[in-house]
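Inspection log for the structure reproduced underneath, given as structure tokens.
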Amino acid sequence: MGLLERIKQFLKTEKTEDEIRGFNEALTRRFGFTSYLYATSEGLPIMGTFEDYELLSAKIPEIVKILAELKPSDVYSIQIGDEVYTLARITSEVLMLGKGNKVLTQEEINELIQLSRSELGI
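In this note's numbering, the protein residues as written are 22 to 143.
Shown next, in the form of structure tokens:
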């Protein structure tokens, strides 16, 4: 089963409110994110809490492309004032953008990737 089929299956799966709340709380508590989104590497939205995350999802691949021209990486931290945006490649086909107030350590990034893969079933 390809990634798109797995994501479609995930989206069709009835997640309980507690499961969704637990994932949101983990992203907030463990990583300090106030907003986040998951998108495919083509810019299709998977899920998120940013206002208009569907529109923002479409821009993520272009942001990654621009940053990769500066320095290729699977994770970028961008600080704008007091806010820190973490842009991480969860898999070759899934990207995540989180908005918080701290730069994540490598250990936290690894944990974020594993938690995301587990939650999304990828």
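Here a beta-carbon is modelled for each residue, glycine too, at the ideal position from N, C-alpha and C.
Just so you know, these numbers come straight off a predicted model, no measurement behind them.
Can you tell me where the beta strand (DSSP E) with residue 94 in it begins and where it stops? Unbroken run through residue 94: none, as it is neither H nor E.
Can we say the segment 64 to 73 touches the segment 125 to 134, given the rule of at least three CB pairs closer than 8 Å? no
Apart from the five residues just before and just after residue 77, which ones in its own chain have a Cβ nearer than 7 Å to its Cβ? 58, 71
Does the count of Cβ pairs from the segment 89 to 96 and the segment 104 to 115 closer than 8 Å reach three? yes
Can you tell me the Cα-Cα spacing of residue 44 and residue 140, whole angstroms? 8 Å
Please classify residue 81 as buried or exposed, where buried requires at least 16 neighbouring CB atoms within 10 angstroms. buried
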